[in-house]
Each structure stands twice: as C-alpha cells, then as structure tokens.
Amino acid sequence: MAFFKSIPAHVGPPHVYMQYPEIYGPWSSMSEALMNGPSSLNQGERELIFAYSAGLARCEMVYVAHSEVAYAWGIENGLVDPLLKDLDTAPVEDRLKPLLAFVRKLTLTPSEISQTDADAVFDAGWDEKALHDAIAVTGRAKFMVCIAQGFGFKPMSREKAALRAKERVEKGYVNLYPVFQEKQ
Numbered sequence: 037m038a039f040f041k042s043i044p045a046h047v048g049p050p051h052v053y054m055q056y057p058e059i060y061g062p063w064s065s066m067s068e069a070l071m072n073g074p075s076s077l078n079q080g081e082r083e084l085i086f087a088y089s090a091g092l093a094r095c096e097m098v099y100v101a102h103s104e105v106a107y108a109w110g111i112e113n114g115l116v117d118p119l120l121k122d123l124d125t126a127p128v129e130d131r132l133k134p135l136l137a138f139v140r141k142l143t144l145t146p147s148e149i150s151q152t153d154a155d156a157v158f159d160a161g162w163d164e165k166a167l168h169d170a171i172a173v174t175g176r177a178k179f180m181v182c183i184a185q186g187f188g189f190k191p192m193s194r195e196k197a198a199l200r201a202k203e204r205v206e207k208g209y210v211n212l213y214p215v216f217q218e219k220q
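First residue of the sequence shown: 37, per the working numbering; consecutive thereafter.
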C-alpha cells in the first residue's frame, strides 16, 4: 500500500507520472536520452549501473525493475546479486569494476569521491562520456529510489518486472507511457 490515500495499492511510479505530466514528461525524455541515447556504455551496462545503485540503496522496487531491464538488454541474468555481495569477486568484466566502484562510492558515500576514483575509471579505458553517463545514471537511480520509497511503492514480482522490462526495451522511456508518447 502506498503512503498516499489517493494512490491505489498495486501501482508504482507511472501512476505519479500520469498525475503530473508537466514534471514527468521532461523526466521521461531525459531518461530516454540518458538510458538509450549515444553513450560509451551500452544500454545494458547503463541499466546494470542503475540496478546496482538501486540495490546498494536497498530499494527493492527499483532494483527489481531495473535489474530485469538490464537482463532484457543482454546482461547476464542474475549478475546484479553477486555485484552487490562483492564487487571484487563478481563475475563481471574487469574493465567495469572501477566504474562500478565509482558508482558504489557515489551511491553510498558521495562526499568521499576523489580524483583517484575518477582516474581509476579512466585508467580502465573509459572516456569522460562514460563516466559522465555513469554519474548521471546513478543520479537518476537515486531519484527513482526517492520516488519509490517516498511514496511507499512495493516491488513487483520478478516475472512482472521481466515482462515490463521487455516492453521498456521495445518502447523506451517516453513511449512506455501513453501520455508522453511521441506524436507520429
């Protein structure tokens, strides 16, 4: 049950989006550009970062939804869990580890980010655009954590999240919501 009496029990953030299209229309457009636009990171990597940040923040609703989107983009199913347990031993490309370490620090202890953290990302072969996008994706995840937890939304099942993820991959972040759909 959401914290607001005006919000039905089994809905999530899209319910709020529809109530305030003047706010969440631009948010959806930004989300589309960030998550599906040009980047040094592919869509799956961006969704992996999103899910990882949400998981670190212990927001099951956002974590479940976006880990399924990462898997729908081709990230190995179940990969986010070992990342959350121990990034150093998780079965992920070595090149991603400094980037994910940066995301972890930015999520959990943002005031401790330093040049050393950024340099580790660059030394792993990532460019400034990749780090920019990782930072922005982490910020977007934190915003969604606040929306989900602030409104009291409950996570959907993995099965429902997987179906919704396929729809998100097909339609993107704008066309997923009828009120924001691009006019053809």
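Where a beta carbon is used, it is the ideal one built from N, C-alpha and C, also for glycine.
Over the uninterrupted alpha helix (DSSP H) stretch that includes C95, give me the two end residues. That residue, C95, is in no alpha helix (DSSP H); it is neither H nor E in DSSP.
Length of the line joining the Cα atoms of T152 and F179: The alpha-carbon atoms of T152 and F179 are separated by roughly 26 Å.
Any chance the segment 137 to 146 sits against the segment 43 to 60, with 3 or more Cβ pairs inside 8 Å? At 8 Å Cβ cutoff, the stretches do not touch.
For H51, name the three-state secondary structure that DSSP assigns. H51 falls in the helix class under three-state DSSP.
Count the other C-beta atoms from every protein chain shown that fall within 10 angstroms of the C-beta of G48, then say buried if there are 16 or more, exposed otherwise. Per the 10 Å Cβ criterion, buried.
Please name the residue, chosen from A137, V52 and A166, that lies closest to G73 on a Cα-to-Cα basis. Residue A166 is the option with its Cα nearest to G73.
Give me the Cα-Cα distance between C182 and W109, rounded to the nearest whole angstrom. Approximately 25 Å, taken between the alpha carbons.
Short Cβ contact (8 Å threshold) for A38 with F187: Going by C-beta atoms, A38 is nearer than 8 Å to F187.
What's the gap between the Cα of D124 and the Cα of A137? Going from the Cα of D124 to the Cα of A137 covers about 9 Å.
How about R204 and S67: are their beta carbons less than 8 Å apart? No, these two residues do not count as a Cβ contact at 8 Å.
H46 by DSSP, collapsed to three states: which one? In the displayed model, H46 falls within coil according to three-state DSSP, outside both helix and strand.
Could you give the DSSP three-state label for W63: helix, strand or coil? If DSSP states are grouped into helix, strand and coil, W63 belongs with the helices.
Take Y107 and list the residues in its own chain whose beta-carbon comes closer than 6 Å to its own, dropping the five residues that flank it on each side. Result list for Y107: N113, in chain order.
So, at 6 Å on beta carbons, what are the nonlocal neighbours of E257 in its own chain, with the 5 sequence-adjacent residues on each side left out? A query on residue 257 cannot be resolved here, the shown segment of the chain reaching from 37 to 220 and no further.
Going along the chain, which residues of its own chain have a beta-carbon closer than 6 Å to the beta-carbon of S89, five neighbours each way excluded? The residues are V139, T143, T174 and A177.
Grouping DSSP H, G and I as helix and E and B as strand, with all else coil, what is R82? It is helical.
CA-CA distance, L115 and K41? Near 37 Å, if we compare the C-alpha coordinates of K41 and L115.
With T143 as the anchor, note down where its alpha helix (DSSP H) starts and where it stops. That run of the alpha helix (DSSP H) goes L132 to L144.
Which whole-angstrom value is the C-beta distance of Y213 and Y53, which I expect to be below 8 Å? Between the beta-carbon of Y213 and that of Y53 there is about 6 Å, and that keeps the pair under the 8 Å contact cut.
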